[in-house]
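Peer 1: Protein chains in written order, with the numbering used here: chain V, 1050 to 1237; chain X, 1050 to 1237.
Glycine included, every Cβ here is placed at the ideal spot set by N, Cα and C.
2 protein chains.
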Amino acid sequence: MGLKLGLPLILERGWREVSNLASRHSGEFYVLADLKQADIPDVDLAVCRRLAAAGFDGAVIHLFHGGAAELARSAPLDLVGVASMSHPGARLLDSHFRDLIAEAARARLPGVVVGATRPGRIGEARAALPGASVLSPGVGVQGARPGEALRAGADFEIVGRLILRSPDPVRAAWEVVELERGAIGGRG
Amino acid sequence: MGLKLGLPLILERGWREVSNLASRHSGEFYVLADLKQADIPDVDLAVCRRLAAAGFDGAVIHLFHGGAAELARSAPLDLVGVASMSHPGARLLDSHFRDLIAEAARARLPGVVVGATRPGRIGEARAALPGASVLSPGVGVQGARPGEALRAGADFEIVGRLILRSPDPVRAAWEVVELERGAIGGRG
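1. Use the C-beta contact count for Val-1208 (chain V): other C-beta atoms within 10 angstroms, 16 or more gives buried, fewer gives exposed.
2. Helix, strand or coil for Val-1225 (chain X)? Go by DSSP, reduced to three states.
3. For the segment 1062-1081 of chain V, which residues have a beta carbon sitting closer than 7 Å to at least one beta carbon of chain X?
4. Measure the C-alpha to C-alpha separation of Gly-1192 (chain X) and Ile-1171 (chain X) and round it to an integer number of angstroms.
5. When you compare each of V:Asp-1217, V:Ser-1185, V:Leu-1213 to Val-1129 (chain V) by their alpha carbons, which one comes out closest?
6. Against chain X, does Ile-1089 (chain V) count as a neighbour if the rule is that its beta carbon must be under 8 Å from one of theirs?
7. Which runs of the beta strand (DSSP E) at least 3 residues long sit entirely within the segment 1134-1214 of chain V? Give them in chain order.
8. Between the Cα of Ala-1198 (chain V) and the Cα atoms of V:Leu-1213, V:Glu-1224, V:Val-1163, which residue gives the shortest distance?
9. Taking contact to mean 3 or more Cβ pairs, one atom from each stretch, closer than 8 Å, check whether the segment 1099-1110 of chain X and the segment 1144-1153 of chain X are in contact.
10. Using the Cα positions of Arg-1230 (chain V) and Pro-1137 (chain X), report the straight-line distance between them to the nearest angstrom.
11. With distance defined between alpha-carbon atoms, name the residue in V:Ser-1215, V:Ile-1233, V:Glu-1206, V:Ala-1232 nearest to Gly-1051 (chain V).
12. Given that Met-1134 (chain X) touches chain C, what residues does it touch there, using C-beta distances under 7 Å?
13. For a contact meaning CB atoms closer than 8 Å, what does Ala-1139 (chain X) contact in chain V?
14. Which residue marks the beginning of the alpha helix (DSSP H) containing Asp-1093 (chain X), and which one marks its end?
15. In three-state terms, what does DSSP make of Leu-1120 (chain V)?
16. Would you kindly check if the distance between the Cβ of Gly-1160 (chain V) and the Cβ of Ala-1181 (chain V) is under 8 Å?
17. Considering only C-alpha positions, which residue in the set V:Arg-1200, V:Val-1080, V:Arg-1099 is nearest to Pro-1125 (chain V)?
18. Of the choices V:Ser-1072, V:Ala-1095, V:His-1074, V:Met-1134, whose alpha-carbon is the least far from that of Ile-1059 (chain X)?
19. Spatial neighbours of Gly-1055 (chain X) within its chain, please: C-beta separation below 7 Å, excluding the five flanking residues on both sides.
20. Could you check which residue in V:Arg-1155, V:Asp-1217, V:Glu-1224, V:Leu-1081 has the C-alpha nearest to that of Gly-1196 (chain V)?
21. Closer than 8 Å, CB to CB, is Leu-1199 (chain X) near chain V or not?
22. I need the boundaries of the beta strand (DSSP E) containing Ala-1071 (chain X), first residue and last residue.
23. Under 7 Å between beta-carbons, which chain X residues line up against Lys-1085 (chain V)? List them in chain order, please.
24. Out of V:Arg-1200, V:Ala-1154, V:Glu-1152, V:Gly-1063, which has the shortest C-alpha to C-alpha gap to Ile-1233 (chain V)?
25. Going along the segment 1148-1165 of chain X in order, which residues come within less than 7 Å of chain V, judged by CB to CB distance?
26. Kindly indicate the opening and closing residues of the beta strand (DSSP E) around Gly-1107 (chain X).
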């Protein structure tokens, strides 16, 4: 299990609080910074160094802007590349899915992000990147049911609003875990 | 004149200090947040609302991932779209320059970013988006001389390391301003 922390939280609670959260839970959970970095390699590297120093285990980066291989050579934490996004406007990204997977392969990234609403693409990423983890957001509010992405070959499901907007988030999280365990019963 | 503040500064000095800087200088300078946002519209909007509340006048967003028009309908500050980047890895972005300009036009963005090292593209953006400002980074360390992008049709040059790494940053900034004034002498 892990924690994914993003930009809205940093701008709401402040970087100090978010970095304290990361350093407190690193080791216990996998702590992933989801800033969807898409700057020049120099800037992305400066950000990755700060994230690693704060205790983050990994960072989500974009692949479309290029430079992933250069960044991966120096980044002191795991890089997880965005290979697909789930919103309706993501047409250009979508039309380059295989290019983005190839960019992740060239950079030897340990993980990629593929939306849970696209099970076919999860399978494709899984086959093209046998050594990498596939992380799937879009579970819950965006339409996929907990466990569906795992069944399609994903290693992790990213669940946000389904838990955060529940009146009882802890209970909601455990319900997600139960559904996921049911889904991978046949695999594990 | 304006101030562009990015993610490395937020993770170095903390969000509180950066937002204080923005609110203190908004009005005096145009204050632009350069987080190169590239998330789903919901997340990008949450970030834009925080930035506007902190006093930022504008935010740099990517165009490649789609959703700019949806974001622009609700964002409470100016959106400036990345139409080109200057690092060598930006091949995919580069091959879609016209698509990105078209995305900026559809979203009626008040500004786009086009690297100063690509004067031809500055002119193309200028012609395709007559109502928008063209902002050009890449002046100094990345290769363009101060004033070159303005001469090619840009409205603003973004100068970072040339000033920040100078032993006398204030003097370096004024030297840049002098070179830029010389460059636009014939225009203004």
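Peer 2: The structure says:
1. Answer is buried; the Cβ neighbour count reaches 16.
2. Val-1225 (chain X) falls in the helix class under three-state DSSP.
3. Contact residues of the segment 1062-1081 of chain V toward chain X are Gly-1063, Trp-1064, Arg-1065 (C-beta to C-beta distance below 7 Å).
4. One C-alpha to the other measures close to 15 Å.
5. It is V:Ser-1185.
6. Look at Ile-1089 (chain V): its C-beta is under 8 Å from a C-beta on chain X.
7. List check, beta strand (DSSP E) in window: 1160-1162, 1182-1188, 1205-1208.
8. Answer by Cα proximity: V:Val-1163.
9. Too few Cβ pairs lie closer than 8 Å, so no.
10. Roughly 44 Å separates the two Cα atoms.
11. Considering only alpha carbons, the answer is V:Glu-1206.
12. Although the question refers to chain C, the structure presented lacks it and instead comprises the protein chains V and X.
13. Close to Ala-1139 (chain X), with beta-carbon spacing below 8 Å, are these residues of chain V in chain order: His-1114, Gly-1115, Gly-1116.
14. Counting along the chain, the alpha helix (DSSP H) containing Asp-1093 (chain X) begins and ends at 1090-1102.
15. Judged by DSSP in its simplified three-state form, Leu-1120 (chain V) adopts helix.
16. For the 8 Å CB-CB criterion, Ala-1181 (chain V) and Gly-1160 (chain V) form a contact.
17. Looking at the Cα atoms, V:Arg-1099 is the closest of the given residues.
18. Nearest of V:Ser-1072, V:Ala-1095, V:His-1074, V:Met-1134 to Ile-1059 (chain X), Cα basis: V:Ala-1095.
19. Annotation for Gly-1055 (chain X): Asp-1083, Leu-1084 place their beta carbon closer than 7 Å to its own, counting only its chain and skipping 5 residues before and after.
20. Gly-1196 (chain V) has its Cα closest to that of V:Glu-1224, out of V:Arg-1155, V:Asp-1217, V:Glu-1224, V:Leu-1081.
21. Not closer than 8 Å to any Cβ of chain V, the Cβ of Leu-1199 (chain X) fails to qualify, so no.
22. Premise fails: Ala-1071 (chain X) lies in the alpha helix (DSSP H), 1064-1074, not in any beta strand (DSSP E).
23. Against Lys-1085 (chain V), the close residues of chain X are Ala-1087, Asp-1088, in the order they occur along the chain (beta-carbon pairs closer than 7 Å).
24. Closest by alpha carbon: V:Arg-1200.
25. Those would be Asp-1148, in chain order.
26. Note, Gly-1107 (chain X): beta strand (DSSP E), 1107-1111.
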